[in-house]
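Below: the structure, in C-alpha cells.
In UniProt numbering, the protein residues as written are 1 to 507.
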C-alpha cells in the first residue's frame with residue numbers, strides 16, 4: 001500500500017494553525033486517479049486543505065455551529081477517518097488525530113472505486129497510515145523539552161520521510177533509527193523488526209558480498225561507425241548478524257582509474273543514501289564533477305540473500321575485442337571468430353566462455369571446427385555452441401577459430417509444396433498426372449502472388465497442409481472448377497477419339 005500525502009500541522013489554542021510539513025507523491029496520485037476512476041478527487045493546496053480539515057475537526061470559530069454535511073445523523077464518526085469537503089467534492093479517507101498541539105494527517109491510497117464507498121476494514125492502507133503516523137508521533141515526542149528541539153525535529157522530517165516512506169510506500173522500520181545523524185535516543189520499548197527480516201540469526205557474524213558485472217558490447221569494426229558498450233553490475237549481499245534489526249554499512253571504493261557508478265537502484269532495506277549517488281545518470285555527459293565514491297550503503301539487512309543494488313558504468317574500452325566473418329550456404333554456416341583481451345585488462349579470470357547462439361533455427365545436426373585454443377561443445381538443446389577458452393590463451397593475443405561449419409535441419413521450407421514423386425502415376429494414368437501437375441503449378445503461382453490470406457504452411461509427411469483465410473478458399477474453389485472443366489474436356493476428347501477410330505475401322 002501507499003500514501004498519497006502526509007501533513008504535520010501545528011494547532012495551539014491561542015495561535016493560528018500552520019502547516020509545519022507536507023509531502024505529496026505524484027506517482028501515487030497517478031495510481032489513485034487510475035484506481036478511483038470517476039470518483040477520483042485531487043488533493044488541494046495546503047491552504048484549502050488546512051481550512052477543510054480544521055472545519056471537519058471543529059477547530060475553527062465557524063466550525064462550532066451545526067453543519068449538516070458534518071454533524072448530520074448520516075455523518076456520525078467514531079473513528080479518526082474523516083471526509084473533507086473540497087470544491088464540493090468529498091476527499092476520503094483522511095486519517096487524522098491530535099496530540100500535544102500537533103495534528104498528524106495522512107491520506108492513504110484506495111486501490112478501488114470510491115463509489116459506492118467501501119468499508120474501512122477492506123482498505124489495508126488505513127491501518128498502514130495509522131502505523132506510520134504513530135511512528136511520526138513517537139519521533140516528535142521523544143526527548144522534546146523546548147520549542148527549539150521541536151523545530152529541529154521538524155527540520156529533520158524531509159530526510160526522515162524520504163528514508164522511511166520512499167515514493168509514498170511506508171517501510172516497516174523504527175523511525176528513530178532511520179536517520180544516521182539523528183541525536184534522538186531510541187525509545188525504551190522493544191524494537192519491532194522490519195517486515196523483510198523474518199527470523200533472527202545466532203552465531204558468528206559475517207557479511208558476504210558478491211559483485212557481478214556484465215558488459216554488453218556492439219563492435220562494428222568500421223572506422224565510420226563507433227562501437228558501443230555498457231557495464232551492468234549487480235551487488236549481492238548476505239548478512240548473518242545477530243539482533244532484531246541490526247544496522248550494517250556496506251562501503252565500496254573504486255580503483256584508481258575506475259569509472260563512477262551510475263543509475264544506482266538500491267534495495268528498500270537501505271535506510272539512507274547520499275543524494276549525489278542517486279542523481280548520477282548515464283544519460284548525462286560524463287565529467288570530472290561526477291561522484292566517484294566512496295559509496296556507503298547503511299541498511300537493515302534481510303535474513304536471506306538479496307540484491308543490495310544495481311548500477312551501470314561507462315568504461316573507456318571494452319575488456320574483450322571480437323571479430324567474426326560469416327558465410328551461409330543453403331543449410332550450412334561457415335564462420336570465423338577472433339577474440340582478444342584488451343591490453344589494459346589484467347588476466348584474473350577463473351574461466352572464460354564464449355557462447356554462439358542460433359536463433360530461429362532447427363537443432364544442430366553436424367559440427368566441424370578447428371580452433372587455436374580451448375574446446376568447443378554443443379549444448380543439450382542443440383541450438384547453442386559453447387567455446388571453453390583456456391585462461392592462458394588470453395595472454396597470447398588473438399585466439400581464433402580457423403574453421404567452423406554448422407549444419408542444421410530446417411523445420412520450415414521456403415516452398416509451399418515439397419517435390420512429389422509422380423513417376424509411377426505417369427506410366428499408368430497420364431491424365432491423373434496431368435491434372436496433378438496443374439494443381440501444383442496453380443497453387444505455386446498462387447503462393448507467388450503473396451496474398452494476405454496466406455498464414456503458414458508446414459510439411460506433414462507426404463501431404464502439404466495449408467491454413468488460409470477466406471480469399472484463399474475462393475482461389476481453391478476456382479482451381480477445382482478449372483480441374484473439373486479440364487477433366488470434362490479430356491473425357492470428351494477421349495470419347496471423340498474412340499468414336500472416330502471405330503468409324504475409320506468400319507470404313
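Cβ coordinates follow ideal geometry from the N, Cα and C atoms, glycine included.
Counting the other Cβ atoms within 10 Å of the Cβ of residue 206 gives fewer than 16, which makes it exposed. Classified as exposed, residue 225 has fewer than 16 neighbouring CB atoms from the shown chains inside 10 Å of its CB. Of the candidates 356, 349, 269, 278, 356 places its Cα closest to the Cα of residue 337. The secondary-structure analysis by DSSP pairs residue 162 with nothing; it has no beta-bridge partner. Per the coordinates, the alpha-carbon of residue 200 lies some 60 Å from the alpha-carbon of residue 331.
A direct Cα-to-Cα measurement between residue 234 and residue 167 gives close to 22 Å. In the structure shown, residue 487 adopts helical secondary structure according to DSSP, grouped into three states. Rounded to the nearest whole angstrom, the C-alpha separation of residue 134 and residue 203 is 34 Å. Fewer than three Cβ pairs drawn from the region 315-326 and the region 265-272 lie within less than 8 Å of each other, which leaves the two stretches out of contact.
Exposure of residue 210 is indicated by the presence of fewer than 16 other C-beta atoms within 10 angstroms of its C-beta. In this structure, the beta-carbon distance from residue 91 to residue 41 falls below 8 Å. Under the DSSP assignment, residue 228 falls outside any alpha helix (DSSP H), being part of the beta strand (DSSP E) whose first and last residues are 228-240. In this structure, residue 250 sits away from residue 171, with a CB-CB distance that is not shorter than 8 Å. DSSP, reduced to helix, strand and coil, places residue 322 within a strand of the structure shown.
With respect to residue 22, residue 6 sits close: the two C-beta atoms are nearer than 8 Å. For residue 495, the secondary structure class from DSSP, reduced to helix, strand or coil, is helix. In this structure residue 193 does not touch residue 138 by the C-beta definition: roughly 16 Å separates them, more than the 8 Å allowed.
According to the DSSP assignment, residue 51 belongs to no beta strand (DSSP E) but to the alpha helix (DSSP H) extending over 46-56.
Three or more beta-carbon pairs drawn from the region 49-60 and the region 80-94 are found closer than 8 Å, and the two stretches are therefore classed as touching. Contact between residue 364 and residue 380 does not hold, since the beta-carbon distance rounds to 11 Å and is not under 8 Å. With respect to the 8 Å criterion, residue 161 and residue 109 are not classified as neighbours on the basis of their beta carbons. Under the three-state reduction of DSSP output, residue 300 falls in the coil class, being neither helix nor strand. In the DSSP assignment, residue 128 falls within the unbroken alpha helix (DSSP H) covering 124-141. By the Cβ-count criterion, residue 480 is exposed, with fewer than 16 other Cβ atoms from all chains shown falling within 10 Å of its own Cβ.
Of the residues 346, 275, 360, 294, the one whose Cα lies closest to the Cα of residue 159 is 275.
Annotation: the continuous beta strand (DSSP E) that includes residue 81 extends over 81-86. DSSP, read as helix, strand or coil, puts residue 350 in coil. Residue 143 has its alpha-carbon roughly 25 Å from the corresponding atom of residue 243. Residue 96 sits in a strand when the DSSP states are folded into three classes. Counted as a single uninterrupted DSSP element, the alpha helix (DSSP H) harbouring residue 29 occupies residues 26-36. In this structure, DSSP gives residue 149 a helical state, which the three-state scheme calls helix.
DSSP, reduced to helix, strand and coil, places residue 110 outside both helices and strands of the structure shown, so it counts as coil. Counting other Cβ atoms within 10 Å of its Cβ, residue 311 reaches 16 or more and is therefore classed as buried.
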